[in-house]
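Those sequence lines, one after another, are chains A and B.
So the numbering used here is basically just the index in the first sequence, starting at one, shifted up by 540.
So the numbering used here is basically just the index in the second sequence, starting at one, shifted up by 336.
Built from N, CA and C at the ideal position, the CB exists for glycine as well.
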Amino acid sequence: MTAGKKRLNYSYYPGCSLHASGREYDISTRALFKALNMGLKEVPDWFCCGATPAHNVDELLSLSLCAKNLNLAEEVEGDLAVACAACFSRLKTTQHRLKEDGNKLKQVETAIDGPAALGKPVKHILEILARDFGLAKLEQNIKKPLMGLKVASYYGCLLTRPPGVPDLDDCEDPSIMEDILRALGAEPIKWSHRMECCGANFTLSRPGVVLKLSNAILESARLAGADCIMVACPLCHGNLDIRQQGIKELYGNRDSSLFGNIFGSEMQQGGDGPATDRRDLPIFYITQLAALAMGATPEGLGFESVITDPKPLLRDKHLL
Amino acid sequence: MSRIGVFVCHCGENISRTVDVEQVAKAAGDIPGVAYSCDYKYMCSDPGQNLLKKAVSEQKLDGVVVAACSPRMHEKTFRKAAAAAGLNQYLCDMANIREHCSWVHEDKKLGTAKASDIVKLMVQRVKKGKALAPITVPVTKKALVIGGGIAGIQAALDIADAGHQVLLVERDPSIGGHMAQLSETFPTLDCSQCIMTPKMVDVANHPNITLYTFAEVEKVEGYIGNFSVTVRRKARSVDEEKCTGCGICMTKCPKKKIPNDFDQGHGLRTAIYVPFPQAVPNTPVIDRENCTMFQSGKCGVCAKVCGPGAVDFQQEDRVTVEAVGAVVVATGFKLYSIDRKPEGSAIQGYGEFGYGTIPDVIDGMTFERLASASGPTGGRILRPSDGREPKQVVFIQCVGSRAREKGISYCSKVCCMYTAKHTMLYHHKVHDGQAYVFYMDARTPGKGYDEFWRRAVEEEEAVYIRGMVSRLYQKGDKIVVMGSDTLVGVQVEIEADLVVMATAVQAQDGADLLAQKLGISYDKYNFYSEAHAKLKPVECATAGIYLAGACQGPKDIPDTVSQASAAAAKVMTLFSKDQLERDPVVAKVNEKYCVGCLACKKVCPYGAVEEKGIRDRQGNLVKVTAYVNPGVCGGCGTCQATCPSKSVELDGYTDEQIMAMIEAL
C-alpha cells in the first residue's frame, strides 16, 4: 500500500463452511488481509446463502436468502469480500437475476419485506488480490516468495461460470489464479483439469461420483508435475483433500488412465498414459499460500487442521 | 389555393390495426388546401394506384400525399402513378405511418393522432414544393470487381462476356481465393482446383478483363455510373511484362523455409514465390520482409538467374485512378482463428481448446490442405506434430458459430457440409481410421446436401455425436477430447490423434474499412448489408454497388456463384442504358447571397462543393461563391444546415418547406 493512499476496506461474508469445515480458509483470509493492511469487517448477523440445495428446491427462496444477506451487508462499509466460491456464485447470481427480472425482484422484495439493495459490488478474494490490491503491489509486498513450489490452480465450476454472471475472468480459460501465483513467486503449472467438477456436494449423497471425479483431477495434476493444488472453494478443498485416502482404497496405489474411449476401450485400467505413484497432494487455499508469502505466521494459517499434511512439502521448499 | 390529394393506406392490417385510417383520411380532408382524401386497403396494388391516378385527373390535384409505408419501399411506385396521371412526380410524397407509427405503437388512439400529424406535415411539404425535373447522368460502362475469389471471378467473367470492360482487383499475389485452397468440394467431391483453375485462366486471358493482383482499392469517389477508384498496385519486385513465369528464381532462392500462408503455414515457400503452382498470374512476388536482399542488401540470386531480367528490386507501388460505372464487392471471408480473446474484440477466444498450443488441433482449412493433392503432404493425411497418420480423428463443428456467449450468434452455414466431406476424405485415405464428429445440429439444406451427409454417416462410417466439446488437452501424444453426448446423456472422452475444428466464418480483416471507403453499410459482424434481405439481396443501399459471395454472409460455393452471376446481371442492366436518371434532390447555391465563405465545402461528405468565380462581362472577377456539382451531390442537406447566410438549399427540402412543416404541428 503506497503511503497516502486510502486503505482498502471490505465488508466480509464468510459463509457457513468458513465457520465450520473450512475454518482454515476463514482464518487464512483474515491473516492475509491483516498482512496486506486491508480492512475486513464481518457482516453482522449474516446467515446461509442457501448454497446448492436452496436453488435446487425453490429459486425464490434462494434469491431471497441472498437478497437478505446483501441487505445486511449494506450495514458495513466497503465492497463485499467473499471467499467461498459457492457463496460468491449465489450472491452474484442473485444480483444478476434481480437486476434483469423486475417481476422476480418484486417477489423477492415481498418475501424479504422490504426493498432489495443490489448495488454493493460483490468481490471474490481472487479479484481483490489481483485487481483491487494489484498484482504489482502484491509482488512488492512479498516477504517469503513461494520459490520452486509447483502449483496446480484449480478453479472448479463456480468461480467463472456461467457466462456473464460472476464476471471474474474468461469463462472457460481463466488466468487469474495463475497470475496471482506468479506474483507470489510460485510456479503455476499447465494442466488439463483445472475447470472440471470435483463432484461437489455429492460427497454426502453419492461419494462414488466424488471419488471418480476428484481422482481424475488429482491424477491429472500429478501427471502435470504439480506439488500441490490451490483452490478457492471450501467444498473443492474438502473433496480433494479428504477423499485422497478413499480414492487410494478404491483405485489402488498407482495412477491409472481413467480416460477411456467410450466407443473403444472403456474405462481401461493402467492405460497408455505414464503411470505414477498415487502420491499425496496437499490442497491449499489461495489465502493460505498468499498469506504465507506475505509473511504471516504459518501457525495461524490452519495447516495442521487439514487431512493431507502440507507441512512436509512446505518444509521441503523451505517455506516453513 | 392548393388542391392536394391524401390517400391513406391500410396496408392490410399493418397500419389499420393500430391506426384508425378512416379517421386519418377524414382529418386530412379538413386541412386547408386538401381537395380530396380517402383510405384504401392496399394503395400499392393496381386498383390502389388507379384510385390515385383517377383522383389526380378528376379532382385536378396539384399535389399528392400517400400515407402508407416508408418511402424507401414505395415512393417510386406512387411517383410513377402520379406521373402517369400528368402530375410532376416530385409533387407526390409519402407520409410514413407504418414504420414510423403503426409498427412501433400499440395504443390506437395515440397512433391515430400521430398518423394524422405526420400526414399534416407532409401536406405542408407538398404544398410548398416545386415541380422538379430528374437529373440525367452518363454511365461509364466499366465495372470494378473487388476480390478475385470464386465470387469475383464469376462476376468478372459474366460481365466481361456480356461485352463490358472489367477491372478485377485482388489483394493477394494470385486470384483464386479460398476455393483454390480446397481439396474436393461438396456435394459431388469434384476436385476444387480442377473446376477452379480453368476459370482463373479465363480471367487472365479475357480481352475485356484487366487484372490487378497484389493490389488494393484505396479510394472510391463518385456515384452510380460515375465512380472514380484509386487502386494501389503494390510493388511485386518482379516486372509482370518481362516475367515469363519459368520459375527458376524460385528454385534458386536460398531462403526456402518460410511458412506458406496458402498451406495455412504448414508448407514452406521461398522468399520469391507464387503462392501455389497454378497461380494466376504466374508471376512471382518477392516477400520483402523475408528476402535477404531487402533485409541485408546482399544476395540478388533471383535477379542473376532471371533470363528476361524481370526481377526489379527498385520497383515501387503504382497508384492508378480508374473510371468505372459499377462496383461488385466480392471480398470473401476469413476463418475465425480461435486463440485467446482478441484484444478489444467483443468475441471471446477458445483458450480451452488449446488451438495454437496443441499442434495437432487444426482448423478445417488446414485439413483441406492436408487432403489436397497439391498440399504440403501431397494429399496424405498426416498430423502436423510428428507426421504420423492419425487413426482417430475428432471433428468439432460450430466452433465459434452459434455461440452467443462467445460473441457470434450466427450459423456459418458451410461447416456441416464440409465436415461431412472431411470425414469422407479421411475415410477414403485412411481406411482403418475412425472419424468422430461433435455437432449441435446437422444443417444440410441444399440440392443433394442431405443425401451427402447421410452418406458420411451410413456408408462412410463417421460417428456423429450430438453434443459440444468442453475442453481439449494433450495427454502423451494423444489429445483428450472431453465432450458430451446429449442424445445418450453421457459424458464422452475420446483420445484422438488429430482434432479438426470447423471454426466460424467471419468477415475479412478490414472489411469495415473498405465499406467506409465505398460508403456501404455493414452489420455488427462486419458483413456487408444488402438493400433488402429478400427482394434486393445483391444490391447495396448505395446505388451502383453490388455484393457477391461470403462478404455479405457465410456462403458455400453454389450460393456464391449464383450471387456473383446475379450481381453481374445487375451490372449489365445498369450498363444497358447510356444515361441514368436520378432524383433532383440536390443542393443549389443562391449566388446572389453567397459570400463565398465555403463553410459548405468543408462539411460536404461527397466533395460536391466547388469554388466558382463570378465574373463581369469584361472577365473581371467580381466574387467567389460556392457551386454544388449536381452530379456528385448526395442530397444530405449538411450544407444547408451549415450555411451562415442561408444561401444554399436542397430542392425538395427548402427552408420554406421545413418551416411550414414545423408550423403545422
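Per DSSP, residue i forms a beta bridge with which residues?
i	result
A/LEU619	For the sequence presented, residue 619 of chain A should be read as Asp rather than Leu. A/ASP619 pairs with A/TYR550.
B/ARG1022	This structure cannot speak to residue 1022 of chain B, because chain B is shown only from 337 to 1001.
B/PHE563	B/GLY558 and B/VAL660
B/GLY819	B/VAL805 and B/VAL828
B/PHE731	B/VAL773 and B/VAL836
B/GLY341	B/TYR372 and B/VAL400
A/LYS579	In the sequence on display, residue 579 of chain A carries Gly and not Lys. The partner list for A/GLY579 (beta bridge, DSSP) reads A/ASN549.
A/TYR825	A/VAL771
B/THR713	B/THR713 is not bridged to any residue.
B/ASN432	B/ALA404
B/ASP653	Note: B/ASP653 sits in no beta bridge, so no partner.
B/THR546	B/LEU503
A/PRO728	A/VAL691
B/LEU916	B/VAL473
Which whole-angstrom value is the C-beta distance of residue i and residue j, which I expect to be below 8 Å?
i	j	result
A/TYR694	A/ASP619	With a Cβ gap of about 25 Å, A/TYR694 and A/ASP619 do not count as contacting.
A/CYS773	A/LEU698	7 Å
B/THR476	B/GLY661	4 Å
B/VAL697	B/VAL616	Contact doesn't hold; Cβ gap of about 33 Å is too wide.
B/TYR426	B/GLY988	6 Å
A/LYS660	A/LEU610	7 Å
B/ARG339	B/GLN395	7 Å
B/GLN993	B/GLY465	6 Å
B/THR1005	B/GLU796	Any answer about residue 1005 of chain B is impossible in this case: the structure gives chain B only from 337 up to 1001.
B/ALA884	B/ALA491	5 Å
Which residue wins for smallest C-alpha separation from residue i, given the options the options?
i	options	result
B/ILE674	A/ALA656, A/PHE673, A/ALA626 and A/ASP713	A/ASP713
A/LEU744	A/LEU775, A/TYR552 and A/ASN755	A/LEU775
B/GLN359	B/PRO368, B/PHE343 and B/GLY369	B/PHE343
B/VAL537	B/GLN684, B/LEU493 and B/ALA361	B/LEU493
A/TRP731	A/ILE567, A/GLY765 and A/ASP719	A/GLY765
B/ALA1002	B/ALA798, B/LEU604 and B/VAL663	Chain B is shown only over 337 to 1001; residue 1002 of chain B falls outside these bounds and no answer can be derived.
B/ASP648	B/GLY692, B/GLU688, B/GLY636 and B/GLN517	B/GLY636
B/LYS853	B/GLU985, B/ALA902, B/GLY967 and B/VAL556	B/VAL556
B/ALA420	B/ILE433, B/LYS390, B/ALA403 and B/THR448	B/LYS390
B/THR336	B/LEU957, B/ALA879, B/THR878 and B/VAL664	Beyond the ends of chain B as shown, which are 337 and 1001, falls residue 336 of chain B; an answer cannot be given.
A/LYS684	A/GLN828, A/ASN577 and A/GLY704	A/GLN828
B/LYS478	B/LEU504, B/ILE486, B/ALA467 and B/GLN490	B/LEU504
B/PRO781	B/HIS763, B/VAL657 and B/VAL750	B/VAL750
B/SER352	B/CYS405, B/SER373 and B/VAL392	B/CYS405
B/ILE622	B/PRO720, B/GLU576, B/ARG802 and B/CYS527	B/GLU576
B/VAL610	B/GLY967, B/CYS582, B/GLY633 and B/ILE998	B/CYS582
B/TYR754	B/SER745, B/GLU704 and B/PRO726	B/GLU704
B/ALA403	B/ASN424, B/LYS396 and B/VAL357	B/VAL357
A/TYR552	A/LYS851, A/CYS627, A/LEU724 and A/ASP856	A/CYS627
B/TYR762	B/GLU985, B/GLY399, B/GLY348 and B/VAL835	B/VAL835
A/THR634	A/LEU603, A/GLU615 and A/VAL622	A/LEU603
B/LEU388	B/THR413, B/PRO726, B/ASP786 and B/ASP366	B/THR413
- Message: Give the list of continuous beta strand (DSSP E) stretches no shorter than 3 residues that lie fully inside the segment 658-715 of chain A.
- Response: Listed in chain order, the beta strand (DSSP E) elements of length 3 or more contained wholly in the segment 658-715 of chain A are 662-664 and 690-693.
- Go through the segment 570-637 of chain B residue by residue and report every complete run of the beta strand (DSSP E) that reaches 3 residues or more, in order. 594-596 and 603-605
- Is it a yes or a no for the segment 659-673 of chain B touching the segment 501-515 of chain B, going by three-plus beta-carbon pairs under 8 Å? yes
- Query: Three or more beta-carbon pairs under 8 Å between the segment 935-943 of chain B and the segment 886-895 of chain B, yes or no?
  - Reply: no
- Query: Does the segment 495-509 of chain B come close enough to the segment 945-952 of chain B to have 3 or more Cβ pairs within less than 8 Å?
  - Reply: Pairwise C-beta distances place the segment 495-509 of chain B out of contact with the segment 945-952 of chain B, as fewer than three of them are shorter than 8 Å.
- Task: Count the CB pairs spanning the segment 455-464 of chain B and the segment 965-985 of chain B that are closer than 8 Å, and state whether there are at least three.
- Result: no
- Item | the segment 378-398 of chain B touching the segment 441-452 of chain B, judged by at least three CB pairs closer than 8 Å | The segment 378-398 of chain B is not in contact with the segment 441-452 of chain B.
- Query: At what residue ranges does the segment 768-805 of chain B contain a whole run of the alpha helix (DSSP H), taking only runs of 4 or more?
  - Reply: 785-794
- Are at least three pairs of beta-carbons, each pair with one atom in the segment 726-734 of chain B and one in the segment 837-848 of chain B, less than 8 Å apart? Three or more beta-carbon pairs drawn from the segment 726-734 of chain B and the segment 837-848 of chain B are found closer than 8 Å, and the two stretches are therefore classed as touching.
- Message: Assess contact between the segment 895-903 of chain B and the segment 857-875 of chain B, defined as three or more Cβ pairs (one per stretch) separated by less than 8 Å. Is contact present?
- Response: They touch, by the three-pair rule.
- Task: Please determine if the segment 562-571 of chain B and the segment 641-658 of chain B are in contact, where contact requires at least 3 C-beta pairs separated by less than 8 Å.
- Result: yes
- Mind pulling the beta strand (DSSP E) runs of 3 or more residues that sit fully within the segment 868-910 of chain B? 881-883
- Task: Counting only runs of 4+ residues fully inside the segment 447-530 of chain B, write out the alpha helix (DSSP H) ranges in chain order.
- Result: The qualifying runs are 486-497.
- Query: Are three or more beta carbon pairs between the segment 709-723 of chain A and the segment 683-702 of chain B nearer than 8 Å?
  - Reply: yes
- Please list the segments of the alpha helix (DSSP H) lying wholly inside the segment 926-975 of chain B, counting only runs of 4 or more residues, in order along the chain. 935-939
- Between the segment 916-935 of chain B and the segment 481-488 of chain B, do at least 3 Cβ pairs fall closer than 8 Å? no
- Task: Would you check if there are 3 or more beta carbon pairs closer than 8 Å linking the segment 780-789 of chain A to the segment 750-762 of chain A?
- Result: yes
- Message: Below 8 Å, how does it come out for the segment 760-779 of chain B and the segment 861-869 of chain B: are there three or more Cβ pairs, yes or no?
- Response: no
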